[in-house]
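Visitor: Before we start, here is the structure in question, set down as structure tokens.
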Amino acid sequence: QIGAQVMLIKNMVQAKLVNGSIGRVIRFSTPRDAREREVDIAKTEDQARNPSQEPKYRELAEAAEYNSWPEVMFENGLTLLCIPTMFDAVNAEARIEATRKQVRRAQGLRQPGTVSHQS
1 QIGAQVMLIK
11 NMVQAKLVNG
21 SIGRVIRFST
31 PRDAREREVD
41 IAKTEDQARN
51 PSQEPKYREL
61 AEAAEYNSWP
71 EVMFENGLTL
81 LCIPTMFDAV
91 NAEARIEATR
101 KQVRRAQGLR
111 QPGTVSHQS
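The numbering of the sequence shown is this note's numbering, which starts it at 1 and goes up by one.
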């Protein structure tokens, strides 16, 4: 929903947005439309740090290409298109125990106007 407040639940590469950064949905657009308007597509630190995982992320990005996703303006003025990403649960031995695909969503207590998007 346009105007909904959202919160990141992962650190982002662009402009050092971190887990807990708050923004508002300003529109929904496809990745292509966002690129044409020079809006960055959100990328997590995991995506930037682990090139070996690139095929997994590329597959998600390709699947997201023709759908509309929330474009979020954060409190620091940065606007990002938030497409689905992978979330991994890692144990103490750094082994993945669970993987989930979802759009970054609101976390914690729900506030009026907060919406969560899950795939």
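The beta-carbon is built from N, C-alpha and C at its ideal position, and this holds for glycine as well. For clarity, every value in this text was computed on a predicted model and none was experimentally measured.
(1) Buried or exposed for residue 72, please, with buried defined as at least 16 other CB atoms from any protein chain shown within 10 angstroms of its CB.
(2) Quick one: measure Cβ to Cβ for residue 29 and residue 7, integer angstroms, because I've assumed they're closer than 8 Å.
(3) Would you report the Cα separation of residue 93 and residue 76, rounded to the nearest angstrom?
(4) Please state whether DSSP places residue 116 in a helix, a strand or coil.
(5) Going by the DSSP bridge assignment, what does residue 22 pair with across the sheet?
(6) Going by CA-CA distance only, name the one from 59, 27, 70 that's closest to residue 42.
(7) Buried or exposed: residue 39, going by 16 or more other Cβ atoms within 10 Å of its Cβ?
(8) Assuming residue 65 is part of the alpha helix (DSSP H), what are its boundary residues?
Guide: In short, the structure shows the following:
(1) Counting C-beta atoms within 10 angstroms of its own C-beta, residue 72 has 16 or more neighbours from the protein chains shown and is therefore classed as buried.
(2) Here residue 29 is actually not in contact with residue 7; their C-beta atoms are around 20 Å apart, not less than 8 Å.
(3) Their Cα atoms are separated by approximately 36 Å.
(4) Any reading at residue 116 must be qualified, since the residue scores a pLDDT of 48, below 50, and its modelled position is unreliable; no value is offered.
(5) Bridge pairing for residue 22: 7 [DSSP].
(6) Comparing alpha carbon positions, the residue from 59, 27, 70 closest to residue 42 is 70.
(7) With 16 or more other Cβ atoms within 10 Å, it is buried.
(8) Counting along the chain, residue 65 falls outside any alpha helix (DSSP H), and DSSP gives it neither H nor E.
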